[in-house]
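Visitor: Here it is, the structure, as structure tokens.
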Amino acid sequence: MSEIALALRGITPYIYGTTRLGDAKIPRAGRMKVAQAAMQAGVWFHTARMYGDALELLGEAFAQQPERVPKLIIKIGWNSIHQLRGSIEEVIRPLGLGGVQLGQLCLSGDLAEDFARGGDCFKVFRELKDEGLVQGYVVEAFPWTSEPSVRALRAGYTEGIIDGFIFYLNPLQRFASNELWQELIDRQQPVISMRTVSGGPVLRLRDEPGFAWKEYLQKRAVEVAPIFGRSGVASWTEFCVRFAHSFPLVRATVGSTSKVDNLDEFLTAAQGEIAPLPGEIVREIEMLHARWSDETDMHAEPWTM
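Each residue of the sequence shown is one higher than the one before, counting from 125 in the working numbering.
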């Protein structure tokens with residue numbers, strides 16, 4: 125097994141996203157309860173410094189049950205090589221850890237350009253890995269950050285150091301550009317999908333005013349709801365987990381929640397052998413993704429989607 129494959133070995137089909145663990149509007153005891161339930165389930169976690177006090181809460185949970193500390197994916201990177209080490213340390217310090225499984229490379233500015241041209245950042249990636257701060261890397265993609273990854277892939281710079289790619293991939297969103305998506309397919313690059321259920325049940329996104337975070341999600345829900353209805357799948361959560369795992373490239377899907385009941389839905393949908401959705405259902409949504417990418421995603425201002 126290659127070193128790259130080793131970094132993803134044992135990844136759980138569902139990864140607990142910790143976004144809501146830092147929401148101060150939710151009682152801390154309730155947030156701790158769901159964190160501990162996810163630890164008990166043995167799934168990988170995804171977290172970041174920008175999620176309020178999620179890291180401090182997780183650090184407390186990890187200290188209480190050190191035998192249950194999960195493997196972690198953390199957001200790192202930013203605008204320059206000089207921020208890489210600090211972006212790791214600011215996460216692992218409150219967690220009480222010496223390193224994590226995967227660093228999610230969030231690349232912008234000079235760092236994104238350095239990555240695209242195979243620059244010095246790759247030397248730093250190796251140094252941080254050799255020190256044990258991370259075991260591997262996945263590169264984050266958004267419509268407005270896809271182009272550097274396309275360039276790096278085509279030039280072969282990612283080989284031997286980048287383990288895969290991570291981006292929103294669900295029935296309403298595919299945040300890799302059409303060009304990057306095709307490169308990933310052609311090169312059989314591992315993918316971790318994010319935002320499993322697209323922000324909530326599709327019928328609520330379609331019908332409930334204000335439920336969708338942005339208007340475009342409500343419009344997409346109008347198109348996807350009939351497809352979900354025809355699928356015969358009992359729940360939106362199951363549909364979304366199966367959708368993500370309908371793609372051979374996908375190793376796992378990251379879904380966040382602050383409720384134990386919702387966590388249980390994710391865990392149930394991801395247990396055992398996950399059946400892919402029928403091919404015609406997947407293809408219909410893929411066609412929507414391709415159209416949405418060209419019509420909307422690639423024209424969006426950064427961080428507006």
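Glycine included, C-beta positions come from ideal geometry on N, C-alpha and C.
1. Where does A376 sit, in a helix, a strand or coil, going by DSSP?
2. Tell me whether R144 is buried or exposed, calling it buried when 16 or more other Cβ atoms sit within 10 Å of its Cβ.
3. Quick one: what does DSSP say H369 is sitting in, helix, strand or coil?
4. Please state the DSSP three-state secondary structure of Q342.
5. Can you name the residues that DSSP bridges to E264?
6. Considering I198, what are the terminal residues of the beta strand (DSSP E) in which it resides?
7. Classify N203: buried if its beta carbon has 16 or more other beta carbons within 10 angstroms, exposed otherwise.
8. Going by C-alpha distance, which of G183, D254 and L293 is nearest I285?
9. Can you tell me where the beta strand (DSSP E) holding I398 begins and where it ends?
10. Check whether the region 367–385 and the region 310–318 touch, using three or more Cβ-Cβ pairs below 8 Å as the test.
11. From the DSSP secondary-structure annotation, give me the bridge partner or partners of F169.
12. If you draw a straight line from the C-alpha of G242 to the C-alpha of R354, how long is it?
13. Grouping DSSP H, G and I as helix and E and B as strand, with all else coil, what is G176?
14. Going along the chain, which residues of its own chain have a beta-carbon closer than 7 Å to the beta-carbon of P350, five neighbours each way excluded?
15. From what residue to what residue does the alpha helix (DSSP H) around V315 run?
16. Where does D421 land, buried or exposed, given buried means 16+ other C-beta within 10 angstroms?
17. The beta strand (DSSP E) with V224 in it runs from where to where?
18. Closest to S232 by C-alpha separation, out of G201, G220 and E408, would be which residue?
19. Provide the residue(s) that pair with R298 in DSSP beta bridges, ordered along the chain.
Guide: In short:
1. strand
2. buried
3. coil
4. helix
5. I290
6. L196 to W202
7. exposed
8. D254
9. Neither: I398 is in no beta strand (DSSP E) and is coded neither H nor E.
10. yes
11. Y140 and L196
12. 46 Å
13. coil
14. none
15. It is not in any alpha helix (DSSP H) - V315 instead sits in the beta strand (DSSP E) that spans V315 to M318.
16. buried
17. V224 to L231
18. G201
19. L293
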